[in-house]
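Enquirer: What follows is a single structure, and I will ask about it in a moment.
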Amino acid sequence: SVKAFNLVDGTSLSSPYLDEKCETVTHHTDIVKSIVCIESRVYTASFDRALIMYETSSYPSDHTLHLISAFRHAHAAAITCLTIIRDSESNTWQILSGSFDRSVKIWTQDIQLIHKIEGLSGTITSISYIPLTKVLWVLCGQQEVAMFDPKSGENITEYVSSQKSKGTESSNNKYQLLLLQYVPELQEVFCTTNRRTVMAWRYNSCAPVSTLQCKHIPEGLAYTGKSPILIFTGDCEGRITKWEQLQLNNFMYSSDSFNLQDMTRTLQFSNYDVITPLNGSEKKSRSINKMLFVEDLDILVAAADDCNIYIWGFDEQAMNELRDSVPGGGDLFQTIEDDAVTNRVAGFTCKRVLNKHSQSVTGVAVIPRESYMSTTHLISCGADRRLCLWNLQLGTLVGTYTNSSGSEAASEEVITDVAYGKSRKEFAYSSADKLIYIRKFATSVKSWKLLHVLQGHESEVSH
235 SVKAFNLVDG TSLSSPYLDE KCETVTHHTD IVKSIVCIES RVYTASFDRA
285 LIMYETSSYP SDHTLHLISA FRHAHAAAIT CLTIIRDSES NTWQILSGSF
335 DRSVKIWTQD IQLIHKIEGL SGTITSISYI PLTKVLWVLC GQQEVAMFDP
385 KSGENITEYV SSQKSKGTES SNNKYQLLLL QYVPELQEVF CTTNRRTVMA
435 WRYNSCAPVS TLQCKHIPEG LAYTGKSPIL IFTGDCEGRI TKWEQLQLNN
485 FMYSSDSFNL QDMTRTLQFS NYDVITPLNG SEKKSRSINK MLFVEDLDIL
535 VAAADDCNIY IWGFDEQAMN ELRDSVPGGG DLFQTIEDDA VTNRVAGFTC
585 KRVLNKHSQS VTGVAVIPRE SYMSTTHLIS CGADRRLCLW NLQLGTLVGT
635 YTNSSGSEAA SEEVITDVAY GKSRKEFAYS SADKLIYIRK FATSVKSWKL
685 LHVLQGHESE VSH
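For the sequence shown, our numbering gives the first residue as 235, with consecutive numbering after it.
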């Protein structure tokens with residue numbers, strides 16, 4: 235049964251806070267496990283598998299519960315928990331229920347099914363919605379919280395969870411999470427366990443929105459600034475991974491990986507000149523040291539340990555073939571280009587390989603096209619102490635910096651990184667000789683005048 239009481243104001247400590255008179259309804263046939271209230275609605279769930287909605291009276295003295303709707307077989311087994319998701323902007327809400335049938339269901343405010351989340355490992359013991367992150371937390375008898383996007387019903391645990399499994403070494407240390415409670419005033423989530431302990435999570439505004447799991451240590455990172463959002467990572471094994479945000483939600487990403495070694499073998503049969511690793515060693519490191527995405531050209535620049543600079547882009551040929559194969563494709567893809575998506579619906583491929591450095595390429599910097607320049611340029615630096623200027627659109631070498639003594643060394647030690655300052659039209663590069671050099675940029679490397687040398691670090695300047 236469900237009982238409804240009126241609250242009364244106690245005048246003393248001994249005064250009751252609940253009116254002795256109550257309204258009792260007996261529409262359930264088994265234990266009522268959960269009750270949630272919002273505005274004038276009351277939702278109840280029971281071990282009889284029923285989900286029932288009541289309406290309360292608008293009169294303060296009347297505490298009658300009016301039956302509005304009853305879903306007798308809301309789950310295949312007993313319902314264990316309920317919670318509410320409220321949308322303050324549209325003033326609507328959703329009901330979420332968990333059950334012994336190892337599923338969570340998301341309902342409209344009128345008890346119409348929206349999503350069914352299945353495949354959980356055990357009985358659902360508790361569910362809680364965290365409005366700050368817009369993530370649904372679910373407990374199903376495990377050591378970790380399962381997390382879902384309530385809009386799509388997708389499991390996003392691997393993308394957002396920062397939990398660390400504890401006690402996996404010994405069965406004596408294992409525990410199960412039982413009940414959840416979010417406290418909005420504290421911005422904390424509390425959880426009880428079968429070890430008679432209480433765990434707490436506190437909201438961190440600086441925490442990551444999503445976490446992408448890489449197979450190897452990432453060394454380079456780049457991203458696009460326009461839709462669709464793409465993230466590129468380069469790892470220590472010479473593998474570039476393209477991550478694309480899914481339309482389902484803001485947490486999940488799809489990924490495609492490309493191996494530099496396989497791509498180089500392919501390009502060796504083309505017109506591109508690909509440098510052979512030093513000493514003829516096939517095992518030379520192909521670690522990606524630095525990555526940049528150039529929005530104007532829709533290309534990715536990746537500097538690698540194997541002395542090369544790889545230029546990646548979207549497959550225009552595949553794009554044109556797709557355009558020709560679709561009836562009315564010209565108008566369709568013109569609309570796509572107008573929306574700044576350009577050729578990103580096509581495949582991703584390596585277009586050029588730039589090779590002038592004789593040792594590891596440690597840094598790259600893009601010089602965007604301006605009124606006094608006819609093209610976009612790229613400055614690269616490396617462990618060979620060279621500074622190279624490239625025409626990025628044509629993929630050709632413009633020149634290599636040479637000092638007054640005729641040497642191509644731009645510093646005393648290895649150059650570790652380079653950066654360009656657009657407002658000052660200057661570029662700076664750091665070195666293992668503990669110094670930072672600042673030069674004036676020009677389209678002729680002979681005009682790269684040294685402006686300043688910054689000194690103060692006690693060891694190698696890495697970035």
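Where a beta carbon is used, it is the ideal one built from N, C-alpha and C, also for glycine.
Here the structure is a predicted model, which is why all the values come from computation and not from measurement.
1. Go ahead and pull the three-state DSSP assignment for residue 679.
2. Between the region 595–612 and the region 644–659, do at least 3 Cβ pairs fall closer than 8 Å?
3. My guess is that residue 335 and residue 309 are in contact by the Cβ rule of under 8 Å, so how many angstroms apart are they, rounded?
4. CA-CA distance, residue 668 and residue 616?
5. Closest to residue 685 by C-alpha separation, out of 531, 494, 670, would be which residue?
6. How many Å lie between residue 699 and residue 494 at the Cα?
7. Looking only at DSSP bridge pairs, what is residue 662 linked to?
8. Let me make sure I understand the geometry here. Which of 431, 522, 331 has the alpha-carbon closest to that of residue 469?
9. So, do the region 455–471 and the region 373–383 have three or more beta carbon pairs nearer to each other than 8 Å?
10. Do the CB positions of residue 473 and residue 488 come within less than 8 Å of each other?
11. Less than 8 Å between the beta carbons of residue 479 and residue 462, yes or no?
12. Suppose you measure from the CA of residue 612 to the CA of residue 645; what does that come to, to the nearest Å?
13. Is there a Cβ from chain C that is less than 8 Å from the Cβ of residue 345?
14. When you compare only the Cα positions, how much space is there between residue 289 and residue 362?
15. State buried or exposed for residue 267, treating a residue as buried only when at least 16 other CB atoms are found within 10 Å of its CB.
16. Using the three-state DSSP reduction, which class does residue 550 fall into: helix, strand or coil?
17. Please classify residue 356: is it buried, with 16 or more other beta-carbons within 10 angstroms of its beta-carbon, or exposed?
18. Would you decide whether residue 590 is buried or exposed? Buried here means 16 or more other CB atoms lie within 10 Å of its CB.
19. Helix or strand or just coil, what does DSSP make of residue 596?
20. List the DSSP bridge partners of residue 490.
21. Give the single residue among 429, 681, 585 whose Cα lies nearest to the Cα of residue 623.
22. Apart from the five residues just before and just after residue 517, which ones in its own chain have a Cβ nearer than 7 Å to its Cβ?
23. Residue 340 to residue 654, Cα distance in whole Å?
24. Cα separation between residue 237 and residue 276?
Expert: So, from the data block:
1. Look at residue 679 here: in three-state DSSP terms it is helix.
2. Taking a cut-off of 8 Å for Cβ pairs, the region 595–612 and the region 644–659 touch, as three or more such pairs fall below it.
3. Your pair residue 335 and residue 309 checks out as a contact, with CB atoms roughly 5 Å apart and the cut at 8 Å.
4. So the alpha carbons of these two residues sit roughly 16 Å apart.
5. Checking every option, the nearest Cα to that of residue 685 belongs to 670.
6. What the structure shows of the chain is the stretch from 235 to 697, and residue 699 is not part of that stretch, so it cannot be assessed.
7. Bridge partners of residue 662: 653, 672.
8. Of the residues 431, 522, 331, the one whose Cα lies closest to the Cα of residue 469 is 522.
9. Using a Cβ-Cβ distance cut-off of 8 Å, the region 455–471 and the region 373–383 are not in contact, since fewer than three pairs of beta carbons, one from each stretch, lie closer than that value.
10. When the beta-carbon positions are compared, residue 473 and residue 488 stay at least 8 Å from each other.
11. With contacts defined as CB atoms closer than 8 Å, residue 479 and residue 462 qualify as a contacting pair.
12. About 19 Å.
13. As a matter of chain content, chain C is missing from the structure shown, which is built from one protein chain.
14. Pairing residue 289 with residue 362, the inter-Cα distance amounts to about 23 Å.
15. By the 16-neighbour rule on beta-carbons within 10 angstroms, residue 267 is buried.
16. Residue state, collapsed to three classes: helix.
17. It is exposed - the Cβ of residue 356 has fewer than 16 other Cβ atoms within 10 Å.
18. With 16 or more Cβ atoms within 10 Å of its Cβ, residue 590 is classed as buried.
19. Residue state, collapsed to three classes: strand.
20. According to DSSP, residue pairing for residue 490 in a beta bridge involves 476.
21. When 429, 681, 585 are compared, the shortest CA-CA separation from residue 623 is found for 681.
22. Its pLDDT being 47, under 50, residue 517 is placed unreliably in this model, and the value from its coordinates should be taken loosely. None.
23. Whole-angstrom Cα-Cα distance: 51 Å.
24. So the alpha carbons of these two residues sit roughly 11 Å apart.
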